[in-house]
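Have a look at the structure below before the remarks.
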Amino acid sequence: METQAMQVAIIGTGYVGLTTGVCLAHLGAHVICCDVDERKVTLLKNGVVPIVEDGLAEVMQGAIDAGRLSFVVGNDPAVRTADVVFLCVPTPQDEDGSADLSYVRAAATEIGPILKPGAVVVNKSTVPVGSFGVVGETLDRDDVSVVSNPEFLREGTALHDFLNPDRVVIGSDDERAAQMVAALYAGLDTQFVFTDPTSAELIKYAANGFLAMKISFINSVAALCEHVGADIARVVEGIGSDRRIGSQFLQPGPGWGGSCFPKDSRALVSTAAQHGYDFSLMRGVIDINEQQYDRMVHKVMAAVGRDVSLDGVVVGALGLTFKAGTDDLRESPGLRVIDVLRARGATIQAYDPTTTGELNPIQRERLAGLNLKAGALDAAHGADVVVILTEWPEFTTLDLEKVASVMRGAAVVDCRNLLDGDLVRSAGLGYQGVGRS
Ligand code: NAD
Ligand code: UGA
């Protein structure tokens with residue numbers, strides 16, 4: 010079937026669902042994006058992208074204007090006419106560390122009876138090995154095929170990543186269904202990895218696990234740099250130029266976070282355990298990451314000369330999201346650090362470029378108790394220590410003399426190695442980076 014003739018329904022219009030819907034419509038399919046969140050759908054119908062994603066609003070408007078993209082509350086009737094239905098619902102972490110499949114099950118239960126004969130259901134949510142079978146059983150339709158098509162986009166660069174993927178993975182036992190899904194991506198210059206559904210599901214977890222491992226590795230090397238007096242930037246340059254290693258995902262920081270690495274790394278350990286394998290390497294990767302948050306807390310304590318309590322200490326926190334370029338606060342390493350600093354008695358005055366306007370309900374809940382400021386200098390005002398937690402580009406051009414003049418104390422802890430330590434020191438401030446000699 011030609012892409013142009015295909016009707017697509019997207020179940021769940023979040024970071025992945027919205028990007029998928031917008032991009033597939035941009036590539037020629039007719040797409041209806043469905044969500045149970047009325048607030049989100051109302052915004053989208055008015056052409057407003059409810060998340061921070063570079064370039065997405067423009068491409069979305071283009072697809073709407075071309076008559077190929079629309080948004081609805083609920084999945085019926087969009088699913089009844091769809092040739093291909095993408096499941097893009099959440100798969101959060103369950104209490105035991107495994108992936109919670111309840112959203113996937115609920116969506117499959119709902120759409121099973123109303124799918125048109127011969128439809129293809131695509132699992133784009135990140136689901137553990139074997140979930141392909143769970144979706145098939147829940148749909149309970151002999152005439153419907155299930156395909157695993159994991160997504161590798163990063164938040165903040167979602168549009169770019171979707172339209173320029175390193176590969177598109179399609180896992181299916183049904184050749185016709187696999188080709189239908191591949192046709193939706195035909196406009197992309199990429200390679201396809203056709204495989205069985207189990208391998209496709211594992212590819213997704215292995216990719217996220219490997220990337221998390223790279224970061225934990227470099228954070229450990231950064232810790233070693235501090236012990237031996239080496240410079241992590243030079244070490245990264247020296248090892249990253251080896252093409253077998255590669256330079257990406259070797260940026261030391263406050264630990265990895267976000268909506269996926271934390272839950273997916275734990276789910277990988279959990280899947281392995283369920284099948285009788287102790288994935289000790291991955292357990293170590295997670296442990297090292299937990300230690301990294303603590304290491305950042307210790308840097309702040311040392312910077313203000315405290316051992317236990319931070320009573321009376323004012324922290325100017327710069328950056329709240331889990332990384333730059335997104336408004337996503339889920340599992341933000343910066344917030345993990347802030348939580349501990351607060352628990353030890355510190356007062357936090359924080360600035361993030363995505364939290365200066367009206368807060369959405371998630372932001373209101375997660376940021377309760379923080380003194381939110383309108384700019385970086387406001388956050389630094391009266392602070393004993395300024396801590397950089399997210400690598401927003403605007404922090405690289407901070408007026409350091411001004412920062413020094415408004416602070417009560419004179420310490421900067423740069424958890425992202427954004428600043429030039431010598432420049433910070435010449436402004437009269439103390440400087441601590443990560444793995445810098
Ligand atoms: P999200 O929370 O941003 O969006 C999920 C959406 O699904 C929400 O808008 C929610 O209202 C909606 N929803 C829930 N149940 C529904 C139902 N029954 N019918 C219709 N809509 C429903 O989630 P996300 O970040 O887009 O992640 C979705 C999946 O994609 C997860 O499995 C995640 O691991 C995976 N993934 C995420 C990313 C990422 O960068 N966020 C990247 C790759 C893969
Ligand atoms: C990550 C993967 O990169 C995507 O391929 C995947 O699709 C996605 O998870 C997912 O499954 O949801 P994302 O979470 O958006 O994407 O963000 P990343 O850019 O991977 O960053 C994750 C965390 O690692 C952030 O906290 C970031 O600051 C940190 N990080 C990243 C580092 O500390 N150092 C680096 O070199 C890279």
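For reference, each letter of the sequence shown is one residue, going 10 to 446 in my numbering. Glycine included, C-beta positions come from ideal geometry on N, C-alpha and C. Predicted, not measured: the structure shown is a model, and the values here were computed from it.
Beta-carbon separation (whole angstroms), residue i vs residue j, contact threshold 8 Å
i, j, result
"G267", "K213", "G267 to K213, Cβ: 15 Å. No contact."
"V98", "I20", "6 Å"
"T54", "T22", "Looking at the sequence shown, residue 54 is not Thr but Lys. No, K54 and T22 are not in contact; Cβ-Cβ is about 11 Å, not under 8 Å."
"L457", "T364", "The question about residue 457 has no answer, for the chain in this structure spans 10 to 446."
"T497", "T147", "Nothing about residue 497 can be read from this structure; the chain reaches only from 10 to 446."
"V156", "G121", "Actually they do not touch by this definition, with Cβ atoms about 16 Å apart."
"Q102", "K272", "4 Å"
"T335", "F171", "Not quite, the Cβ-Cβ distance comes to about 15 Å (not below 8 Å), so this is no contact."
"A392", "V323", "5 Å"
"N426", "V415", "Not quite, the Cβ-Cβ distance comes to about 23 Å (not below 8 Å), so this is no contact."
"V202", "V178", "5 Å"
"A18", "A91", "4 Å"
"D167", "Y360", "According to the sequence provided, residue 167 is Ala. The question's Asp does not apply to it. The pair is not a contact, with the Cβ atoms about 24 Å apart (cut-off 8 Å)."
"L350", "L319", "6 Å"
"G86", "S107", "The residue asked about is misnamed: residue 86 is Pro in this sequence, not Gly. With 8 Å as the limit, P86 and S107 do not qualify as a contact, their Cβ atoms being about 34 Å apart."
"F288", "N217", "With 8 Å as the limit, F288 and N217 do not qualify as a contact, their Cβ atoms being about 13 Å apart."
"I297", "S229", "6 Å"
"V113", "L96", "6 Å"
"D149", "D182", "Wrong, their Cβ atoms sit about 17 Å apart, outside the cutoff."
"M222", "V294", "5 Å"
"D109", "P126", "Not really, about 31 Å apart at Cβ, beyond 8 Å."
Environment of residue i [buried if 16+ CB atoms lie within 10 Å]
i, result
"G354", "exposed"
"R304", "buried"
"G37", "buried"
"L233", "exposed"
"M10", "exposed"
"M210", "Per the sequence shown, the amino acid found at residue 210 is Glu instead of Met. Counting Cβ neighbours within 10 Å, E210 comes out buried, since at least 16 surround it."
"F404", "buried"
"R275", "buried"
"F219", "exposed"
"R434", "exposed"
"K382", "buried"
"A72", "buried"
"H35", "buried"
"T135", "buried"
"N173", "exposed"
"H111", "The sequence shown places Ser at residue 111, rather than the His named in the question. So S111 ends up on the exposed side."
"S140", "buried"
"A389", "buried"
"V57", "exposed"
"A352", "exposed"
"A436", "buried"
"L259", "buried"
"P263", "buried"
"S446", "exposed"
"S154", "buried"
"L33", "buried"
"G255", "exposed"
"G165", "buried"
"I241", "buried"
"I371", "exposed"
"E104", "exposed"
"A231", "buried"
"Q16", "buried"
"L290", "exposed"
"E374", "exposed"
Tell me whether the segment 241–252 and the segment 279–296 touch, counting them as touching only if at least three CB pairs, one residue from each stretch, are closer than 8 Å.
no
Taking one C-beta from the segment 338–347 and one from the segment 385–405 each time, how about it: are there three or more such pairs within less than 8 Å?
yes
Write down every uninterrupted run of the alpha helix (DSSP H) in the segment 117–161 whose length is 4 residues or greater and which is fully enclosed by it, in chain order.
140–148
Does the contact criterion of 3 or more C-beta pairs under 8 Å hold for the segment 26–42 versus the segment 77–93?
yes
The segment 299–313 / the segment 122–142 touching (three or more Cβ pairs under 8 Å):
no
Quick check for students: name the residue ranges of the alpha helix (DSSP H) that lie wholly in the segment 19–62, counting only runs of 4 or more.
24–35, 47–54
Where in the segment 88–112 do unbroken runs of the alpha helix (DSSP H), each at least 4 residues long, occur, reported from the N-terminal end onward?
none
Please go through the segment 389–415 and give each complete alpha helix (DSSP H) segment of 4 or more residues, from N-terminal end onward.
409–415
Three or more C-beta pairs under 8 Å: does that hold for the segment 416–430 against the segment 312–319?
yes
Counting only runs that start and end within the segment 249–331, where is the beta strand (DSSP E) found for 3 or more residues in a row?
323–327
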